[in-house]
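Colleague: Here our numbering is used: the first residue of the sequence shown is 204, the next is one more, and so on. By construction, the Cβ of each residue, glycine as well, lies at the ideal position given by its N, Cα and C atoms.
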Amino acid sequence: MHSVEVRGAYKYYGKPKDPKIILNRLNMTVAPGSIYGLMGASGCGKTTLLSCIIGMIPLDGGEITALGHKTQANEIQKAGHRIGYMPQETALIGELTIKETIYYFGKIFQMDFEKLRERYDMLHKLLELPRGDQRVEECSGGQMRRVSFAAALIHEPDLLILDEPTVGLDPILREKIWDFMLHVTRTSKLAIIITTHYIDEAKQADRCGLMRNGILLAEDTPLNIISRHEVDNLEEAFLKLCMKRGSEDAVDTDIVNGHQCSELQMDNLELQERTANHMNGNDKKIVPLANNNNNIQNHNHNNCATSQEQEQPIPPQQSIAQVFKRKKYTWSTLQALFTKNYLQMKRQPAGVAFMSIVPILQIVFFYMAIGGNPIGLKFGVVDDEVNYNDCFNTSLITTIAHEDTCDLHKVSCRFIQEFQDNVAIKQHYNTFDEAFADAKKGKIIGFLYFAKNFTESLDTVQRVGRDADDGSADNSRIDIYMDHSDLQLTFFLQSKFYQMYKNFTQHMMSDCNLPKKLGNIPVNFEQPIYGSYDTDFKHSMAPPMIMVMMFYIAAGLTVAIFIADRKEGFWNRTLLAGVTLKELMLVHILTHSTVLIIQLVETIFLIAFVFGAENKGSNIGVIFLLMMLAYSGMFFGMLLSVECNDLREANFVLTGIATPMVVLAGMFWPLQGMPVFLQYVSYCMPFTLPSISVRNIMMKGYSFFHPTVLTGAVIVTAWAFFAVFLGLQGLKRKKYSRNT
């Protein structure tokens, strides 16, 4: 019975019309209770072959069966707990200790605690591991490889796949590991596939495969390979095979799959010759021949058959040594994943502190920077009617009320006194030209101008009304010249001048013993239906800001964690151990919900108790909308981590998407100011309607089931489900990291 059978394995990268062939119709057989040494130079396809065996990379042609499960049909996942895999990179988490790392894999494989402790003690002694409480990131390269090796061995697998496990180890320890592998394969049905650059150490293997350019040049016992080629060691045999391959452009037809073969069929030789020519750049038109795999396989086996009966694959049944069975969700697996995430967060205090401080900083900076009155503005005053210093002599500013009339003196000074320095700092100018020149230079933001006969003209206009001459009408005005390049400052000052003029006229009416209301314009704004006259602009702008913050913090956190795990190879190793994508997602959601809840509590506390934002509606409704938006961000980050190759690319995409989404959310300008088609686009954004819903709850007191609130809740919920659906589909499509 075979532990691994590879038949006609074909793998290429690039375009089908011009493929870069990695595996070229490769056949390989690994028996139980044996060590298979796979040798070859870097880039010959060894790691790709191992990745195909464990199902990380699909074949473009051929078939692989491991422990009775076909990798192409994804059946290999059912045998994940029976396979031990040590990748070429260490694929470990630096924040975990050595003991925590090995126990993590033991729990994922659902080992009994006593058995796990026994195996750990044995491997710790065998591999001469550092002390168990030492972090992986503190280990040397060789120590990390030994820890990785122990993680692959901890659960006593039926098939052990080791990609260059002895690199960086001293010869004594390397010999000790080989002695252990020889012992365990002799006393059990464990099959080991090991790739190595040390050709001499491969002579201890039961079977060797010599690989070059995606083709298995020879496969037999080391002694048979050496004797057949009449050399002293495997290295010379390998060199001779490579030279023969280069001169004859064909594989060793005498040693294929360990059988003595008389000849191969001509069509198979032609296929190999065409493939070899392609590898040398002579044939650019070869395409994958996946449909011919069965024919090629039949030719090889018919021509290379022995008198003995062909061995059958291992039936897909559980190993006797591993009696546990996978359930939909297992506490042991979830516990291991929870523990790993918790320890990672615990041992990255700077990162956790940063994620906790970011919402505080953003909210504090927002409330300090937005909605406040500008200070330090300089505004000029040109008064041709009165000497500027006389305006501060109250005895000169008089009002004499008569029965039907009222005599006013130096009225321009009255308006100047209404102009307080908390609006702008007044600067006096003697002439109009001086003030205008400074305004052009940007020294002042604008200036007031009073004509020489301002009071007299104002009195004339009030007495004769429409019979007043044009000169009196012009001179009775207060001329204001302003820089309109900064519209926010312009609108601020305009509103202040309107209020100044209102106060100015009311004070004059009062001094003339007349009702103050006579000084008002004939337009009256009644008590607001919602809100109040003194509502701060920042409170109206806060909901979309909070929405944006919660979304992008959650997305950024997920992107950083997922891409880090996938880049380091730990993600692949966990999935190969039998952990499902749903389990990984469930643990990630539950673990990082803690971070999101902390950020949400910080946000609500600051807004409500520090900056005094009033919520007239349901707190539960606000919390629900914010949490759903945070989960939308989390799932959106998961989608980005799948589609982007690295963290830098993901951050570029996240930043590029942020700007249009924030602009379209109505945060800086009302939605009604956009074109109609763009308004509908904005309604589909995750911030727009939910932020309106939060504003309506907080400022209008709407219930959660009010149509305007419920619409936002539906949008944000739909975004959450849509993002998680796309994320899971992306993970299924790109389950394993590309760095394999």
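Return the first residue and the last residue of the beta strand (DSSP E) that E266 is part of.
Modeller: E266 -> beta strand (DSSP E) spans G264 to A269.
Colleague: Could you give the DSSP three-state label for M831: helix, strand or coil?
Modeller: helix
Colleague: Report yes or no: do the region 266-274 and the region 320-340 share at least 3 C-beta pairs separated by less than 8 Å?
Modeller: Contact fails: fewer than three Cβ-Cβ distances are below 8 Å.
Colleague: Would you mind listing the beta strand (DSSP E) stretches within the region 232-262 that are 3+ residues and don't spill past its ends, in chain order?
Modeller: 238-242
Colleague: Taking the alpha carbon of L362 as the point to measure from, which residue in L611, I260 and M384 has its own alpha carbon closest?
Modeller: M384
Colleague: Starting from F871, follow the beta strand (DSSP E) in both directions and report where the run begins and ends.
Modeller: Looking at the DSSP string, F871 is not in any beta strand (DSSP E), and its letter there is neither H nor E.
Colleague: Helix, strand or coil for Y733? Go by DSSP, reduced to three states.
Modeller: In the three-state reduction of the DSSP assignment, Y733 falls in the coil class, being assigned neither a helical nor a strand state.
Colleague: Please report the Cβ distance between F312 and H358, rounded to the nearest whole angstrom; I am assuming they are in contact, meaning their Cβ atoms lie under 8 Å.
Modeller: 4 Å
Colleague: Taking the beta carbon of M571 as the centre, do at least 16 other beta carbons fall within 10 Å, making it buried, or is it exposed?
Modeller: Classification for M571: exposed.
Colleague: Using 8 Å as the cut-off, can you tell me whether the region 217-225 makes contact with the region 400-414, which would need three or more C-beta pairs spanning the two stretches below that distance?
Modeller: Taking a cut-off of 8 Å on C-beta distances, the region 217-225 does not touch the region 400-414, as fewer than three cross pairs fall below it.
Colleague: Could you have a look at A394 and say whether DSSP puts it in helix, strand or coil?
Modeller: strand
Colleague: Assign V667 to one of two classes, buried (16 or more other C-beta atoms within 10 Å of its C-beta) or exposed (fewer than that).
Modeller: exposed
Colleague: Tell me G371's beta-bridge partners as DSSP assigns them.
Modeller: DSSP, once it has assigned bridges, lists no residue as partnering G371.
Colleague: Quick one: any contact between the region 897-909 and the region 816-827, if contact means 3 or more CB pairs under 8 Å?
Modeller: yes
Colleague: According to DSSP, simplified to helix, strand and coil, what is M205?
Modeller: With the sequence shown as reference, residue 205 is identified as His, and Met is not the correct amino acid for it. Correct three-state label for H205: strand.
Colleague: So, under 8 Å CB-CB, G574 and K770 are touching, yes? Tell me the CB distance rounded to an integer number of Å.
Modeller: The Cβ separation is near 42 Å, so there is no contact.
Colleague: Would you identify the three-state DSSP class for G759, choosing helix, strand or coil?
Modeller: helix
Colleague: What is the rounded straight-line gap between the Cα of K629 and the Cα of E621?
Modeller: 11 Å
Colleague: Can you tell me the Cα-Cα spacing of Q709 and C715, whole angstroms?
Modeller: 10 Å
Colleague: Just verifying my parser: in three-state terms, what is the DSSP assignment at Q291?
Modeller: coil
Colleague: Beta carbon of L843, beta carbon of A853: below 7 Å?
Modeller: yes
Colleague: Helix, strand or coil: how does DSSP classify Y704 here?
Modeller: It is helical.
Colleague: Of all the alpha helix (DSSP H) runs that stay within the bounds of the region 803-855, which reach a length of 4 or more residues?
Modeller: 822-846
Colleague: When burial is assigned at 16 or more other CB atoms within 10 Å of the CB, is G309 buried or exposed?
Modeller: It is buried - the Cβ of G309 has at least 16 other Cβ atoms within 10 Å.
Colleague: Just tell me which of A926, E303, A767 and L413 has its CA closest to the CA of A440.
Modeller: L413
Colleague: With which residues is C411 paired in a DSSP beta bridge?
Modeller: G240 and D423
Colleague: Can you give the beta carbon distance from I683 to G649, rounded, assuming they're within the 8 Å contact cut?
Modeller: 6 Å
Colleague: Can you tell me which of the three DSSP states P725 falls into?
Modeller: coil
Colleague: Let me confirm a value: M446 is counted as buried when at least 16 other C-beta atoms fall within 10 Å, else exposed. Which label applies?
Modeller: exposed
Colleague: How would you call F618, buried or exposed, if buried means at least 16 neighbouring beta carbons within 10 angstroms?
Modeller: buried
Colleague: Express the C-alpha separation of V813 and L295 in angstroms, rounding to a whole number.
Modeller: 44 Å
Colleague: Tell me whether G798 sits in a helix, a strand or coil according to DSSP, three-state version.
Modeller: Position check: residue 798 holds Val in this sequence, whereas Gly was assumed. The answer is helix: DSSP assigns V798 an H, G or I state.
Colleague: Taking only runs that begin and end inside the region 305-349, name each unbroken alpha helix (DSSP H) of 4 or more residues, in chain order.
Modeller: As far as the region 305-349 is concerned, its whole alpha helix (DSSP H) runs of at least 4 residues are 316-329.
Colleague: Helix, strand or coil, according to DSSP, for F695 in the structure here?
Modeller: Of the three classes helix, strand and coil, the one that applies to F695 here is helix, per DSSP.
Colleague: In terms of alpha-carbon separation, which member of Y216, C247, G236 and S254 lies closest to V209?
Modeller: S254
Colleague: Does the separation of the CB atoms of Y288 and I260 fall below 7 Å?
Modeller: no
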